[in-house]
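Peer 1: Residue numbers (my numbering): 511 to 619.
Cβ coordinates follow ideal geometry from the N, Cα and C atoms, glycine included.
Note that the coordinates shown come from a computational prediction; the quantities given were computed from them, not determined experimentally.
Below you will find the structure I want to go over with you.
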């Protein structure tokens, strides 16, 4: 599908399914991931962010002894902070999984 039903919503969450693809780079390592926009919080205190799936790497991890490894580690940490709702998914969740993820977030809020 191009979109999932907006059957799950709350004042704390507007989570778009990860139907966009983004190229990522950490040091010399390249990859890609699925992502969507997320809006969390309340109307007065909202946070707009990226809700990303796990990264599909095209290159191997650089050698720990390489001069690029520290740069790779720093960028990787930044990228991994954007993997929240869809942690464990390398591709978009099914509509049922998406609805479960939304319900679980709302229940925790």
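1. Suppose you measure from the CA of residue 616 to the CA of residue 570; what does that come to, to the nearest Å?
2. Measuring CB to CB, does residue 560 end up less than 9 Å from residue 590?
3. Check each candidate in 567, 548, 611, 539 and name the one with the smallest Cα separation from residue 576.
4. Count the other C-beta atoms from every protein chain shown that fall within 10 angstroms of the C-beta of residue 606, then say buried if there are 16 or more, exposed otherwise.
5. Let me confirm a value: residue 543 is counted as buried when at least 16 other C-beta atoms fall within 10 Å, else exposed. Which label applies?
6. Could you give the distance in angstroms between the alpha-carbon of residue 568 and the alpha-carbon of residue 541?
Peer 2: To lay it out plainly:
1. If you draw a straight line from the Cα of residue 616 to the Cα of residue 570, it comes to about 37 Å.
2. Not closer than 9 Å, so no.
3. The shortest Cα separation from residue 576 among 567, 548, 611, 539 belongs to 539.
4. Residue 606 is exposed by the Cβ-count criterion.
5. Only buried fits residue 543, as 16 or more other CB atoms lie within 10 angstroms of its CB.
6. Going by C-alpha positions, residue 568 is about 5 Å away from residue 541.
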